[in-house]
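Colleague: Got a structure for you, questions after.
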Amino acid sequence: MRSKKIRRPKAKVGAPPGTLIHVGERKADSTQIRLIDYDENRVHETTLEKIAPALNFRDRASVTWLNIDGIHDIRIIEEIGRHFDVHSLVQEDILNTDHRPKLEEHVDFLFMVLKTLRADAAGEVHTEQVSIVLGKGFVLSFQEAQGDIFDKVRERIRSDKGRIRKMGPDYLAYALIDSIVDNYYLVLEEIGDRIEVLEEELLTRPSPNTAQKIHSFKREMILMRKAIWPLREVVGSLLRQEPLVREETRLYLRDLYDHTIQVIDTVESYRDIIAGLLDLYLTSLSNRMNEVMKVLTIIATIFIPLTFLAGVYGMNFHYMPELEWRWAYPAILAIMAALGVGMLVAFKRKGWF
Amino acid sequence: MRSKKIRRPKAKVGAPPGTLIHVGERKADSTQIRLIDYDENRVHETTLEKIAPALNFRDRASVTWLNIDGIHDIRIIEEIGRHFDVHSLVQEDILNTDHRPKLEEHVDFLFMVLKTLRADAAGEVHTEQVSIVLGKGFVLSFQEAQGDIFDKVRERIRSDKGRIRKMGPDYLAYALIDSIVDNYYLVLEEIGDRIEVLEEELLTRPSPNTAQKIHSFKREMILMRKAIWPLREVVGSLLRQEPLVREETRLYLRDLYDHTIQVIDTVESYRDIIAGLLDLYLTSLSNRMNEVMKVLTIIATIFIPLTFLAGVYGMNFHYMPELEWRWAYPAILAIMAALGVGMLVAFKRKGWF
Amino acid sequence: MRSKKIRRPKAKVGAPPGTLIHVGERKADSTQIRLIDYDENRVHETTLEKIAPALNFRDRASVTWLNIDGIHDIRIIEEIGRHFDVHSLVQEDILNTDHRPKLEEHVDFLFMVLKTLRADAAGEVHTEQVSIVLGKGFVLSFQEAQGDIFDKVRERIRSDKGRIRKMGPDYLAYALIDSIVDNYYLVLEEIGDRIEVLEEELLTRPSPNTAQKIHSFKREMILMRKAIWPLREVVGSLLRQEPLVREETRLYLRDLYDHTIQVIDTVESYRDIIAGLLDLYLTSLSNRMNEVMKVLTIIATIFIPLTFLAGVYGMNFHYMPELEWRWAYPAILAIMAALGVGMLVAFKRKGWF
Amino acid sequence: MRSKKIRRPKAKVGAPPGTLIHVGERKADSTQIRLIDYDENRVHETTLEKIAPALNFRDRASVTWLNIDGIHDIRIIEEIGRHFDVHSLVQEDILNTDHRPKLEEHVDFLFMVLKTLRADAAGEVHTEQVSIVLGKGFVLSFQEAQGDIFDKVRERIRSDKGRIRKMGPDYLAYALIDSIVDNYYLVLEEIGDRIEVLEEELLTRPSPNTAQKIHSFKREMILMRKAIWPLREVVGSLLRQEPLVREETRLYLRDLYDHTIQVIDTVESYRDIIAGLLDLYLTSLSNRMNEVMKVLTIIATIFIPLTFLAGVYGMNFHYMPELEWRWAYPAILAIMAALGVGMLVAFKRKGWF
Amino acid sequence: MRSKKIRRPKAKVGAPPGTLIHVGERKADSTQIRLIDYDENRVHETTLEKIAPALNFRDRASVTWLNIDGIHDIRIIEEIGRHFDVHSLVQEDILNTDHRPKLEEHVDFLFMVLKTLRADAAGEVHTEQVSIVLGKGFVLSFQEAQGDIFDKVRERIRSDKGRIRKMGPDYLAYALIDSIVDNYYLVLEEIGDRIEVLEEELLTRPSPNTAQKIHSFKREMILMRKAIWPLREVVGSLLRQEPLVREETRLYLRDLYDHTIQVIDTVESYRDIIAGLLDLYLTSLSNRMNEVMKVLTIIATIFIPLTFLAGVYGMNFHYMPELEWRWAYPAILAIMAALGVGMLVAFKRKGWF
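Residue numbers (the working numbering), protein chains in the order written: chain A, 1 to 353; chain B, 354 to 706; chain C, 707 to 1059; chain D, 1060 to 1412; chain E, 1413 to 1765.
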């Protein structure tokens, strides 16, 4: 996860608000429009080329879910905006993938921006933006690229599992957000595993590389936090949205709210744990430095004085009476040995090894 | 206490809410259902195989306490849910042992999730989830495994000690939570003792191992905090639950609330103290490094110049007049001794030893 | 961005409030007064020498925008104050460029102080103060120097792009603030790029210089934060300003409010990231120190004992039987080699290289 | 101040609430009961053996102050509880000396737990618990041991100094709390003095011992904070206790509230200062390490190359033409001197000494 | 600024509240009482010996400002208290110079405690306490010593500059507080300058002394913060004091409130900057340590092996065939040169110099 820049392009700065410009990487080749219309008795599912046919479903009593994968095509967003009375500022927000999660109340609908997380093969976490519009009888969802995040919801609608077919569009919106939060669990679990691997590595074979890994974890946490924190507020205020959110759905939203707090809690705990890992790494660095220094000091402190002694008797003065003594050489060797052993004992006593 | 992952299993992600799946380690072999029904005059205690017989007690004026040890058996939870009108989302929460402590108000009952702590022989702290449902005339409690945490409450009911037999199910719920919080005191006391031992070790014989111990304490505190913090809110909002919680029980709950805050306070103090220990450890590392360096420097600084001097008079130049002087050798030895002593004095003055 | 002093000049201290003194650097040579008066059908744009002619436009139904570049000329500010009923304390605030962003409600108008950011060629960020007065039918804006920050707004008015010509002066004020916030995006994007370059540098070739760069980033963030944080409150309370801010503009302000929070979020993330960079730098310093120490220790630990051995056989004692042995020299060389290799192996085993 | 454990004894865990067990060290040999009964005209002071005689004073219009020193005697507490209608939970709290400061409102009385601080000869700070019950016409105070903390209040009552004899029991309670807070000032002043001594020591002759002193200061601050922080809330809510606290006493309580905040402020400042001391100590450690390393490096860097040179001319090759040159020896000495001086100059230029 | 002790003298502890004792250093030789009485048309200014004459002015319609320099004379404070109906607790607060800034509402007057800052020649910051009593028609101000801080206000009253003569005593109180806050700007500017000098010093020639300077800055900030923070609340609640503070003064107080926040902001920024300086200093220490170690390692690593080689050929073995070879000496010199250069190249490649 690179330091995500705020990508509001220079062309956009100063442009009148409501100007539709796609901001962000283009992640899908084409835009796919999928419509599911259902009530307790019946499911109708089609893939559309244009928005117009969707209008037939809009005002029926059934729940209409229009999912758009790929948001780079401005005309489609505009067309939807026109047909479903979505304000141009909201259209702009759908196109701009750099928003933080939020909920906006409009007269006829609620607009939510959410972030999905995805860990790639290398373990790097990427975010994608999902926008959801909850209106009377319909839900619009916009994804940056084709994803499988809503597949299980579709499955439940088709197979009439759970109560989804019996409930209204507010429950569908809940189900969509819930599947996003469920996804956070997966990503967090993966990160939790990687933190444990890192911790193991730190305790057994720390390397300079470890510091960089800790650093990149920290960055991921900073950015995940930015993506997840505001969600609490989003779900919290969704709870209070009468009449679009009905009493019977509220219980589920409260449950979702608990999950959101749990996710935030976990991110915070991970931050604390990662900070602890850095401390541990620095401590282990200091410990090893200490060990290295001790080895050097022991060796140098023992041999430097002995070398000096040898140097003294290597001097070439003519008058050095000791040189001629018979036992001088063995005596000096004995003295040297005594000195060396004495020092070793002294270091041992200091607890240096 | 390993980094507790959020264990929402992959199978569960995207499943409709209210799907009953047991999440967590299976800690008990079988599920044990214990029923205690009591009023001021009488106690009835049985172990049940099925839930159905419990229904006879449900609507009596007496207090019915149904305790379930072992929550992996989904059918039992479902059966209880059906008989006691417990919503499927609540059943799901009972089965999922990864919840944070919370209190949920439902129309007819209160649902609480709590965490018990247990320190094993090695001093590692484990958490277990306890769910409590407080309804009109009954209390349901769910434990992950058979534990002795509620034994003293049972004892008090049987022996009619204290006022428990005179009070309603709200007082029973209070007594259960109180025994959980009492248990925190034990665990915290044990941790307090271990922190003191560690501190002692740090001041007398620090080892690289110490850093890892401090680190693991830090992690335990992070996770204990996560388990205990939300309890304050749980007890706090329990205080406001009319009519299920009666005026006469409120005094006891306020007392419990004080205990909860005291426990949180202690956890926070421990965190501060542990942070201080890490600082102290790093400081002691630096101090020892300093000492090692001083020894090396003193030895090297004294003997390196002397060795150089000896080296000079070990050179083999033909013309080196000093070599022939009569007193050159004693003189050079004297100079060397003077140099060495001079340096020692200089280091002494600098306060290096 | 040098440590911005509070430049309230000594002359000013103790002066009666409302005394008009220009506080700050004089950034413009002359003061330029530009007037744009527009409604849905018509735009009138002139450059004025004096304020008086502007009065003709003041009470018309059209929107009058008076923009003053260069605020060092006290008389002009005074004249405007007189003609537009702007309190002397407000005039004083316009002249004092050391204010933090704020919104003041007055009986007839709103007064806002904002900060623009500008990154110069060397990447240093400078702030400039913009004051906006929003009255009934008119907007006054004051800039420290001639800038191009409002050019796009002018362009939109002239070319009737977007809805600006159809809306009132509150929308114009919104457009001005929006263009300031848009500008923050540019500056933040630039800083984000520079942080990435720094991070790259840190990972590949850290230098003592890096620390200073991190330090100067930190300072910039401290000061940017000071400039941007209060903006949230300004826009937030602007939302509640009836009747000067009309319902139809409120939607745009809410959008602006989101942008403001996003900008603040980004500044906070950058602060965290920069703090992380410093940690990483210090860790890499320790790592390199460790590496240097290991090289020294390996070399010294291998050669110091060998040199001692050589020294022993360089002594000049008459009676040193080994010296005469035939194989002594090759033997001692072999011993030395064995010692050296042995030590290398030992270090290898310790994982030192 | 050792890490204060939560001493809820194992016997107590799980016991019914309201069970009277003395928790804490037994600090007094016997329990002393002192009664002072006074009104504007008269003071009656006795030492009691039993509680019963106190009942005569209870319902008179005069103010009755019953002070109990030593709380290990459960029967006395029980007796008081019975006579003065004090709930068994409150009795339990009086006996348990591990409470944090708090105020409890009961129907007929207020119950307060407070902590006194006492610095012993070695400068270690100890806490003691004082419980105060403020009822209609009487004040009960409980101390762990006989102390002189309330002596001045007694003195004022006897000698009719100040207004104490003219006011009600609420003023007496205020006077008691005030004398506890006054005592904090003494302890904080003493700690302030010790911090200054430590700071002086740190700047002039830091020793490894200093780190431990800083650490023990930190711990004391953690525990003092725990004792003092909640006091703010206690006094704050005491202010709102009508009708037990009368209007005329409120002014004095507000004054007391200010003092409490000032004490908390000081504790916080001390924490900051102590944190600063640790930074300063670590910095001074690094500085001294740097100095030590420089000395070593200067000496080694100068003499190691010179020693090498001497070694070269100490080699025994037969063909070494320089050895025979007439001026070789003085020349080599000159070269060595030049090298040494050159290096010294280089280090000087680097600013190493 | 030494660690300011809480100087509540031991004599005072336990004394009845309202006992008048002067707490603090005696900063003035004598007490000076200055009276200014003014309305729109007239100014009367005298220096008084006693308080009595001031009473003539008290109940007039004009504004009466009584300024007392030097508060050690308890009788004067008492006299004022008697004549102006100032409660004895307030008198006590005036005499005790260790209060934190606060505002107290009394029935007939407002009592404020404020702190002035003064930087002495050595750059150390000292605080002094100013107490202000704002009553109906009069303002009393108490300073520890004669100061020039209110001179400009006097000047404005005399010369009828600004609107001060047209406004009531609330505006006078505002003017006094404003001149105190203006003074903060001066002190902060000076500190800002000193921080820049320190930063410059840190980047060009850091010395162990620098750490102590940073430390003393930190302490000053801790204590300044303690003095300035509560001011926000004081001015904030002054804004709400009807009827003593009139509507027309409120605008000025809001302006003052902005200034207060700006001052607090600046103190906070300085704290952050100073914390950054310490980091920078420690980093520069580590950098220099690294540099020192590299020099040592390069020199030692090059010459230690060479010295060993020389040592080998300095051995006195009889049988050392190389010694007799013709080109052995030049060859060994060449080998040594090659070794040395090779190592230098290796270090160069590692980027060590």
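All C-beta atoms, glycine included, are put in the ideal place defined by N, C-alpha and C. Computed from a predicted structure; not experimentally measured.
Contact defined as beta carbons within less than 8 Å: I believe E/ILE1445 pairs with E/ILE1480. What is the distance between those atoms, to the nearest angstrom?
Modeller: Right, the Cβ-Cβ distance comes to about 6 Å (below 8 Å), so this counts as a contact.
Colleague: For the segment 192-239 of chain A, which segments carrying the beta strand (DSSP E) assignment without a break, of at least 3 residues, lie completely within its bounds, in sequence order?
Modeller: none
Colleague: Can you name the start and end residues of the beta strand (DSSP E) that D/GLN1150 belongs to?
Modeller: Counting along the chain, D/GLN1150 falls outside any beta strand (DSSP E), though it belongs to the alpha helix (DSSP H) covering 1147-1154.
Colleague: Going by DSSP, name the residue or residues bridged to C/THR1007.
Modeller: Beta-bridge pairing links C/THR1007 to no other residue.
Colleague: With a cut-off of 8 Å, do at least 3 Cβ pairs link the segment 1266-1277 of chain D to the segment 634-645 of chain B?
Modeller: yes
Colleague: When you compare only the Cα positions, how much space is there between D/TYR1097 and B/TYR391?
Modeller: Answer to the nearest angstrom: the Cα atoms are 51 Å apart.
Colleague: Does D/PRO1076 come within less than 8 Å of chain B when only Cβ atoms are used?
Modeller: It does; some Cβ of chain B falls within 8 Å.
Colleague: Would you mind reading off the limits of the alpha helix (DSSP H) that contains B/ALA687?
Modeller: 681-702
Colleague: Excluding five sequence neighbours on each side, which residues of the same chain lie with their C-beta closer than 8 Å to the C-beta of B/ALA690?
Modeller: none
Colleague: Please tell me whether E/ARG1606 has its Cβ less than 8 Å away from any Cβ of chain D.
Modeller: no
Colleague: Specify, as a first and last residue, the run of the alpha helix (DSSP H) that B/SER383 falls within.
Modeller: Unbroken run through B/SER383: none, as it is neither H nor E.
Colleague: What runs of the alpha helix (DSSP H), each 4 residues or longer, lie entirely inside the segment 1293-1341 of chain D?
Modeller: none
Colleague: Report the rounded CA-to-CA distance for B/ILE685 versus E/TYR1693, giving the unit in angstroms.
Modeller: If I take the Cα positions, the gap works out to 46 Å.
Colleague: Quick check on A/ASP120: does DSSP put it in helix, strand or coil?
Modeller: coil
Colleague: So with CB distances below 9 Å, who are the chain B contacts of D/ARG1299?
Modeller: Here the premise fails: no neighbours, minimum Cβ distance about 17 Å.
Colleague: Starting from A/ASN67, follow the beta strand (DSSP E) in both directions and report where the run begins and ends.
Modeller: 63-69
Colleague: Could you work out which residues of chain A lie near C/PRO1011, taking near to mean beta carbons separated by less than 8 Å?
Modeller: ILE299, PHE303
Colleague: For D/THR1319, which residues of its own chain have a beta-carbon under 7 Å away from its beta-carbon, when the five flanking residues on both sides are left out?
Modeller: VAL1240, LEU1290, ARG1291, VAL1294
Colleague: Would you give the residue range spanned by the beta strand (DSSP E) that D/LEU1382 belongs to?
Modeller: That residue, D/LEU1382, is in no beta strand (DSSP E); it is neither H nor E in DSSP.
Colleague: Report all residues from its chain with a CB closer than 7 Å to the CB of D/SER1121; omit the five preceding and five following residues, and keep chain order.
Modeller: ASP1096, TYR1097, ASP1098
Colleague: Alpha carbon to alpha carbon, how far is E/ILE1676 from C/LEU795?
Modeller: 21 Å
Colleague: Counting beta carbon pairs with one atom in the segment 405-415 of chain B and one in the segment 371-381 of chain B, are three or more of them shorter than 8 Å?
Modeller: For the pair of segments examined, the segment 371-381 of chain B was found not to touch the segment 405-415 of chain B: the number of CB pairs separated by less than 8 Å stays below three.
Colleague: D/ASP1324 versus chain E: which residues are under 7 Å apart at the beta carbon?
Modeller: ARG1512, LYS1638
Colleague: Check this for me: beta carbons of E/TYR1596 and E/TYR1664, under 8 Å apart or not?
Modeller: no
Colleague: Could you check whether E/THR1528 and E/TYR1583 sit closer than 8 Å to each other, using their CB atoms as the reference points?
Modeller: no
Colleague: State yes or no: is the beta carbon of B/HIS568 nearer than 8 Å to at least one beta carbon in chain A?
Modeller: yes
Colleague: With 7 Å as the limit, tell me which residues of the segment 58-71 of chain A have their beta carbon closer than that to any beta carbon of chain B; keep them in chain order.
Modeller: none
Colleague: In this structure, how does DSSP classify A/LEU20 when only helix, strand and coil are distinguished?
Modeller: coil
Colleague: Using a Cβ cut-off of 8 Å, pull out every chain E residue sitting near C/MET995, in sequence order please.
Modeller: SER1698, MET1701, ASN1702, MET1705
Colleague: Work out the CA separation of E/VAL1757 and B/GLY693 for me, nearest whole Å.
Modeller: 36 Å
Colleague: Should A/SER30 go down as buried or exposed, given a rule of 16 or more other Cβ atoms within 10 Å for buried?
Modeller: Exposed, since its Cβ has fewer than 16 Cβ neighbours within 10 Å.
Colleague: When the Cα of C/LYS842 is compared with those of C/VAL831, C/VAL819, C/MET873, which residue comes out closest?
Modeller: C/MET873
Colleague: Check the Cβ-Cβ distances between D/HIS1103 and every residue of chain E, and say whether any is below 8 Å.
Modeller: It does not: the Cβ of D/HIS1103 has no partner Cβ on chain E nearer than 8 Å.
Colleague: In terms of residues, what are the limits of the beta strand (DSSP E) holding A/HIS44?
Modeller: 42-48
Colleague: At a CB distance below 8 Å, what residues from the segment 1535-1559 of chain E approach chain C? Give them in sequence order.
Modeller: none
Colleague: Classify B/ALA687: buried if its beta carbon has 16 or more other beta carbons within 10 angstroms, exposed otherwise.
Modeller: exposed
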